[in-house]
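Visitor: Got a structure for you, written out below as structure tokens; questions coming shortly.
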Amino acid sequence: DGGITQSPKYLFRKEGQNVTLSCEQNLNHDAMYWYRQDPGQGLRLIYYSQIVNDFQKGDIAEGYSVSREKKESFPLTVTSAQKNPTAFYLCASSIEGTGGYTFGSGTRLTVV
Amino acid sequence: SQQGEEDPQALSIQEGENATMNCSYKTSINNLQWYRQNSGRGLVHLILIRSNEREKHSGRLRVTLDTSKKSSSLLITASRAADTASYFCATVLASGGSYIPTFGRGTSLIVHP
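Sequence lines, in order, name chains L and U.
For the first sequence, counting from 1, position 88 maps to 88 in our numbering; every step adds exactly one.
For the second sequence, counting from 1, position 52 maps to 52 in our numbering; every step adds exactly one.
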């Protein structure tokens with residue numbers, strides 16, 4: 001079955017550490033997105049990529065970095081510069097950006 | 001900034017009743033989409049309505065779009081306990097060749113059995 005896989009489901013980070021969240025899709029979608037979800041604030045766009053080797057900042061990119069070396073993969077690194085990283089992170093993909101978006105099941109990141 | 005805003009923030013109904021959620025937005029859009037999210041899970045795409053469409057149906061779901069009022073509504077008919085979830089609208093704008101979905105804060109729906 002085609003789909004989008006996020007891992008791990010739960011992640012714990014110590015202060016000052018970088019962590020990388022994985023997002024892999026086998027839907028042959030061109031576009032991929034990362035969102036952050038906090039209670040009561042809906043989804044906020046971190047980064048998006050329309051094609052391989054190209055990506056754009058979203059509304060809240062500070063403290064995050066991404067890469068898009070393969071069409072299937074769009075990993076997100078939460079750096080130590082992100083002061084409040086505890087949140088639910090969602091990855092999504094789409095065809096050409098105008099159709100429906102397929103979401104992964106999310107990664108819950110907690111700073112300990 | 002959030003383009004779409006859902007209303008109400010929370011809705012509690014009895015099984016069998018209809019549930020109506022609204023979404024308002026600020027700028028012209030390419031299309032508007034509705035999603036469902038069960039607690040702690042990813043979002044599931046429900047329905048997409050383009051800017052030149054006024055109404056779409058999918059099973060027990062009915063979506064309307066009024067571009068003059070910049071608003072959309074999602075109607076779930078004959079609700080079931082399994083419909084309990086958060087519902088989000090996403091507006092899709094075209095910007096420099098990119099189509100970026102922007103999500104509202106969602107409506108939390110509770111359907112009591």
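Ideal Cβ placement from N, Cα and C applies to all residues, glycine included.
Computed from a prediction, not measured in an experiment: that's the story for all the values here.
#1: Please list the segments of the beta strand (DSSP E) lying wholly inside the segment 49-107 of chain U, counting only runs of 3 or more residues, in order along the chain.
#2: Is any beta-carbon of chain U found at less than 7 Å from that of Gln25/L?
#3: Buried or exposed: where does Leu105/U fall if 16 or more other Cβ atoms within 10 Å of its Cβ makes it buried?
#4: For Val78/L and Leu109/L, which I take to be in contact (beta-carbon distance under 8 Å), what is that distance rounded to the nearest angstrom?
#5: For Thr64/U, which residues in the same chain have their Cβ closer than 7 Å to its Cβ, ignoring the five residues on either side in sequence?
#6: When the cut-off is 7 Å and only beta carbons count, does Phe103/L lie next to chain U?
#7: Please list, in chain order, the chain U residues whose beta carbon lies closer than 7 Å to that of Tyr48/L.
#8: Taking just the CA atoms, how far does Phe103/U sit from Ile110/U?
#9: Buried or exposed: where does Gln20/L fall if 16 or more other Cβ atoms within 10 Å of its Cβ makes it buried?
#10: Return the residue from the list Phe12/L, Pro8/L and Gly2/L that minimises the CA-CA distance to Val112/L.
#11: Would you kindly check if the distance between the Cβ of Arg80/U and the Cβ of Glu15/U is under 7 Å?
#12: Taking the straight line between their C-alpha atoms, what separation do you get for Asp38/L and Met21/U?
#13: Can you tell me whether Arg36/L is buried or exposed, with buried defined as 16 or more other CB within 10 angstroms of its CB?
#14: Could you tell me the alpha carbon to alpha carbon distance between Ser98/U and Gly16/L, rounded to whole angstroms?
#15: Counting only Cβ pairs nearer than 9 Å, list the residues of chain U close to Gly16/L.
#16: Quick one: which chain U residues come within Cβ less than 8 Å of Gly106/L?
#17: For Arg36/L, report the span of its beta strand (DSSP E) as first-last.
#18: Which two residues bound the contiguous beta strand (DSSP E) that contains Tyr35/U?
Guide: The answer reads as follows:
#1: 55-58, 61-66, 71-76, 85-95 and 98-103
#2: no
#3: Per the sequence presented here, residue 105/U reads as Arg, with Leu not at that position. It is buried - the Cβ of Arg105/U has at least 16 other Cβ atoms within 10 Å.
#4: 6 Å
#5: Arg54, Glu55, Ser72 and Ser73
#6: yes
#7: Ile100
#8: 20 Å
#9: Residue 20/L is actually Thr in this sequence, not Gln. When all chains shown are included, Thr20/L counts as exposed.
#10: Phe12/L
#11: yes
#12: 21 Å
#13: buried
#14: 34 Å
#15: Residues of chain U passing the Cβ test: none, with the nearest at roughly 27 Å.
#16: Gly40, Arg41 and Gly42
#17: Ala31 to Asp38
#18: Asn31 to Gln37
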